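Data block below; observations after.
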Amino acid sequence: MPFKILWVDDEIDLLKPHILFLEKKGYETFKSNNATDALVMIENENFDAVLIDENMPGLSGLEALPRIKEIRPNLPLIMVTKSEEEHIMEDAIGQHIADYLIKPVNPNQILLSLKKILDSSKLISEKTVNSYQQEFRTIAMDIMNARDFEDWQEVYKKLVYWELELENIEDRGLIDIIDNQKKEANAAFFKFIERNYENWLQDEEEAPILSHTVFKQFVKPHLKKDEKVMVILVDNLRYDQWKTIEPIFTKYYQQEKENLYYSILPSATQYARNSFFSGMMPLEIEKKFPQYWLNDTEEGNKNMHEKELLAEQLKRLGLSNLSMNYFKILNSEFEKKIADEFNNYKNNDLNIIVYNFIDILSHAKTDNRIIGEMIRDDKTYRSITKHWFENSYLMDIVKKAANEGIKIILTTDHGTIYVKEPTKVIGDKESSTNLRYKLGKQLQYDPKDVLAIDQPEKFHLPKVNVTSKYIFAKENLFLTYPKNYNHFVNYYKDTYQHGGISLEEIIIPLVVLTPKK
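Using UniProt numbering, you'd call the opening residue of the sequence shown number 1 and step up by one each time.
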């Protein structure tokens, strides 16, 4: 069905060649030589776009714009004018016109403008589909040939890029293809971690940046430059979520460097975030600072001493003279308070903000029926994340920080994965409750579904007793006990969990942002 265009110009008869050109290109074009008649036509007809001259006798095009918007708020308007005066352009753009063309216009200019407005999503979809189909084989080969941690970072970046490019494509079959490619990548990534992770902990030279080395490697260099730095650690922020919220941050900041680093195992807050702030692996924290460490089986908040652990790390790094504040935001009331009190801490050398919203959101997918229904998949998860950030008090802090010339380092402690399939585990009453990893002394499990660690000390992990072992779920599996098995499976299937081994949980962003001048 052809697009219906209305062209409004007091010299419309002189534009007959242009109109014939558009008709030939499949645009059904209606004419009006004045804005008053055009308003009646717009009220009575459904047009796909309107071309309107800015300067006409009687009601001018510029004066007609708000009246057209009242009748059809979403109708795309293209302003055509002889005037190059800046204030007229600004006036028109301020009224949400779709395009602005300066006379004399040639037919191809108009065609391009109409295609951009009416056909762009279709053309982009077609081009995106073709490009991914061509890239599919390359990504498959990259997955097969990935040999080191840098290869896997590149594979994951490509998968996320295409997942975001394809998320608005209506072809469900194509979405299934990228999902399957991610699944294949995670199966291969699990084997890669199984082969290499222990060696990384023995030989730092061969290892990627990990939770316990990231502060020293990526944050410390900026603190040595006499710059004011704000570290925003968003608990549970995945790389695809960062790419979704990136445009919100780049309104105020330029991206200086986008890094990816690896979460330690378990890829869970208690382990990964305590390691981030302490600069130590969990076993080392337990030995050196037992007062700051609680094991899985112990009651209490496992991340209560991040500020103290960070102070110890800063001391070791020769940075104990820095002025510093640490805030952990767990609710919007405290978030607003921190935004309102910005002037109290803006002159610090270092400010740390731990932001728990996304972690709360991922758990709400399990615990809250309404949010569970809203978050149907990764696409809706990203969408809600973006909407929250756009309207958060945290963004008020970001804007204020930009105005004060404060550099931001945005990062996370681990990611999360949408779990699909259960795998049975038998344990004793002391075994931990996490669905992506277990710590216990008599664990029985399917060895093909997990990475099992019989000697936790080799992985620099504490153990509760002499025979303690850890298991980590692979891909999108979740660990379930036989008791109330069916209820348990129905409750946790299609929820977000973390602690195991997947690209989404392990390979995570750290982004350095410099204020726009």
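No residue lacks a Cβ here, since even glycine has one placed at the ideal position from N, Cα and C.
Fair warning: this is a prediction, and the values are worked out from it, not measured in the lab.
- As DSSP reads the structure, Thr81 sits in a beta bridge with Ile102.
- Contact check for Ser362 against Tyr496 passes: the beta carbons are separated by less than 7 angstroms.
- By the neighbour-count criterion, in which a residue is buried when 16 or more other Cβ atoms sit within 10 angstroms of its Cβ, Arg172 is exposed.
- Boundaries for Phe478: no alpha helix (DSSP H) harbours it, while the beta strand (DSSP E) harbouring it runs 477 to 480, taken from the DSSP string.
- Taking the CA atoms as reference points, Pro447 sits about 16 angstroms from Gln455.
- In this structure, the CA atom of Phe249 is about 44 angstroms from the CA atom of Tyr445.
- In its chain, beyond the 5 residues on either side, Asp10, Ile12 have a beta carbon closer than 6 angstroms to the beta carbon of Asn33.
- In the structure shown, the three-state DSSP call for Asn343 is helix.
- Per the coordinates, the alpha-carbon of Glu28 lies some 6 angstroms from the alpha-carbon of Pro2.
- Our two residues, Leu112 and Lys122, have alpha carbons roughly 14 angstroms apart in a direct line.
- For secondary structure counted as the alpha helix (DSSP H) over 4 or more consecutive residues, the segment 114 to 201 holds these complete runs in sequence order: 120 to 145, 149 to 166.
- Here His18 has Pro107 as same chain residues with Cβ atoms under 6 angstroms from its own Cβ, once five neighbours each way along the sequence are excluded.
- One thing to note: Ile93 has its Cβ no nearer than 7 angstroms to the Cβ of Val231.
- If one requires a minimum length of 4 residues, the alpha helix (DSSP H) runs lying completely within the segment 359 to 416 are 369 to 374, 378 to 390, 393 to 403, in chain order.
- Judged by pairs of C-beta atoms under 8 angstroms, the segment 383 to 393 does not touch the segment 487 to 501, as fewer than three such pairs exist.
- Rounded to the nearest angstrom, the gap between the Cα atoms of Ile110 and Met374 is 41 angstroms.
- For Tyr197, same chain residues with a beta-carbon under 7 angstroms away, outside a window of 5 residues either side, are Leu265 in chain order.
- Minimum Cα-Cα distance from Val129 among the listed residues Asn168, Pro290, Asn145 corresponds to Asn168.
- The C-beta of Ala473 has 16 or more other C-beta atoms within 10 Å across all chains shown, which makes the residue buried.
- Per DSSP, the beta bridge partners of Trp7 are Lys31, Leu51.
- No Cβ-Cβ contact shorter than 7 angstroms links Lys307 with Tyr292.
- Residue environment for Gln153: buried (at least 16 other C-beta atoms within 10 angstroms of its C-beta).
- The shortest CA-to-CA distance from Tyr492 to any of Thr433, Ser323, His414, Glu85 is the one to Thr433.
- Looking only at Ala311, His414, Thr269, the smallest Cα-Cα distance to Phe289 is reached by Ala311.
- Taking the Cα positions, Ile329 is about 10 angstroms away from Asp235.
- For Val231, the enclosing beta strand (DSSP E) begins and ends at 229 to 234.
- Each of Ser131, Asp428, Ile52, Leu317 was checked against the Cα of Val8, and the nearest Cα belongs to Ile52.
- For the 7 angstroms CB-CB criterion, Tyr252 and Ala402 form a contact.
- Straight-line measurement puts the Cα of Ala146 at about 22 angstroms from the Cα of Gln202.
- Along the length of the segment 456 to 505, whole alpha helix (DSSP H) runs at least 4 residues long occupy 485 to 492, reported in chain order.
- An exposed status is given to Ile124, since fewer than 16 other beta-carbon atoms sit within 10 Å of its beta-carbon.
- With the rule of 3 Cβ pairs closer than 8 angstroms, the segment 412 to 428 counts as touching the segment 267 to 287.
- Contact between Phe149 and Tyr262 holds: their C-beta atoms lie close to 7 angstroms from each other, under 8 angstroms.
- The beta carbon of Glu227 lies closer than 6 angstroms to those of Lys407 in the same chain, with the five residues before and after it left out.
- Where Glu308 is concerned, there is no enclosing beta strand (DSSP E), although the alpha helix (DSSP H) around it starts and stops at 306 to 316.
- Apart from sequence neighbours up to five positions away, the residues of its chain that approach Leu477 with a beta-carbon distance below 6 angstroms are Glu421, Thr423, Asp449, ordered along the chain.
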